[in-house]
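Enquirer:
In our numbering, the protein residues as written are 49 to 353.
Here it is as structure tokens:
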């Protein structure tokens, strides 16, 4: 027998050793752990590879222009589409503020002067509808103003119209109606608080001096409750300028507001600088309008005195 033959193990011994090796605990443990280990390794390494690839792509294929410029503000103020949307938003906001105050003042006046011991109950009943989601209230107005909605059905039932009207929904009027209802409670409460602070003896004195109910209201009650009216108008005006949900659901193309354009710039258009410029421009204009409103009302108060 040769040396090589003596040193080589028989074939059946090699298979036996291999089977014994495969059946050993370390090899079986490695076979059980390896899929989990590989999965965890992929989860750890993959984000790192994505970050490296993104960094490489940004450095070699994308360039970010960091030059200071006011071009986006010029576009926001001069482009007809953004200028028209901004003016429409301001018009809707001021109209909603006016209608909300006109609607809220008589309700707050009745509760304050004629509510008696049931004032808390009246306020509780007023706030109950506003416990529901804002989105649900907007959708309810969409059902009321819709083509086959409650209002069209009622008008047809009364014989006022022959067919459903399409002018009730998807326009600026629908946005104004929905926002007026949505913010009514926020206007009633500050006006009510202001009316509660009115000294009733002053009203009685005006009546004793010969003023009628209307004259007494215009000369005493209304000027003394003006802070609540101002607060209510500002509380309604400032948020409604940037409302996004209501124009989206009930405004249609004729009721789009500046917030929808801002969302489009941050979303589909991916033009964040222009979206930021539109946002800042809107905030500055609303701030100037709020300050001007306060100054005008104070000037009117001084003239009334």
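No residue lacks a Cβ here, since even glycine has one placed at the ideal position from N, Cα and C.
As the structure is a computational prediction, the values presented were derived from the model and not from experiment.
1. Less than 8 Å between the CB atoms is what I'm expecting for residue 265 and residue 159, so what's the real figure, rounded?
2. For residue 144, which three-state DSSP category applies?
3. For the segment 294-303 against the segment 91-100, do three or more pairs of beta-carbon atoms, one drawn from each stretch, fall closer than 8 Å, so that the two count as touching?
4. In chain order, what are the residue ranges of uninterrupted alpha helix (DSSP H) at least 4 long that sit wholly in the segment 268-332?
5. Using only the alpha-carbon positions, how far apart do residue 328 and residue 319 sit?
6. Go ahead and pull the three-state DSSP assignment for residue 127.
7. Taking the alpha-carbon of residue 292 as reference, which of 305, 282, 284 and 281 has the nearest alpha-carbon?
8. Given a threshold of 16 other Cβ atoms within 10 Å of its Cβ, counted over all protein chains shown, does residue 196 qualify as buried or as exposed?
9. Around the C-beta of residue 351, are 16 or more other C-beta atoms found within 10 angstroms, so that it is buried, or is it exposed?
10. Can you give me the start and stop residues for the alpha helix (DSSP H) that residue 226 sits inside?
11. When you compare only the Cα positions, how much space is there between residue 290 and residue 137?
12. With distance defined between alpha-carbon atoms, name the residue in 214, 123 and 257 nearest to residue 193.
13. Compare the Cα-Cα distances from residue 153 to each of 314, 315, 309 and 232 and report the closest residue.
14. Give a yes or no on whether 9 Å exceeds the smallest Cβ distance from residue 232 to chain B.
Expert: On the basis of the data shown:
1. For the purposes of this step, residue 265 is taken as the residue at position 217 of the chain shown. For the purposes of this step, residue 159 is taken as the residue at position 111 of the chain shown. At roughly 16 Å, the Cβ-Cβ gap does not stay under 8 Å, so residue 265 and residue 159 are not in contact.
2. Here residue 144 corresponds to residue number 96 of the chain shown, with the count starting at 1. Residue 144 falls in the helix class under three-state DSSP.
3. no
4. 274-289 and 306-314
5. Along the chain shown, read from residue 1 onward, the residue named residue 328 stands at position 280. Along the chain shown, read from residue 1 onward, the residue named residue 319 stands at position 271. Straight-line Cα distance between these residues: approximately 15 Å.
6. Here the question's residue 127 lines up with position 79 in the chain shown. Coil, per DSSP.
7. As a first step, residue 292 is located in the chain shown; it is residue number 244 there, counting from the start. Looking at the Cα atoms, 305 is the closest of the given residues.
8. The residue given as residue 196 occupies position 148 in the chain shown. Classification for residue 196: exposed.
9. As a working note, residue 351 is residue 303 in the chain shown. Answer is exposed; the Cβ neighbour count stays below 16.
10. In the chain shown, the residue the question calls residue 226 occupies position 178. Residue 226 -> alpha helix (DSSP H) spans 220-230.
11. Working through the chain shown from its first residue, we reach residue 290 at position 242. Working through the chain shown from its first residue, we reach residue 137 at position 89. Computed Cα separation, rounded: 8 Å.
12. As a position in the chain shown, residue 193 is number 145, starting the count at 1. It is 214.
13. Indexing the chain shown from 1 puts residue 153 at position 105. Measuring from the Cα of residue 153, the nearest candidate turns out to be 232.
14. Any reference to chain B falls outside this structure, which holds one protein chain only.
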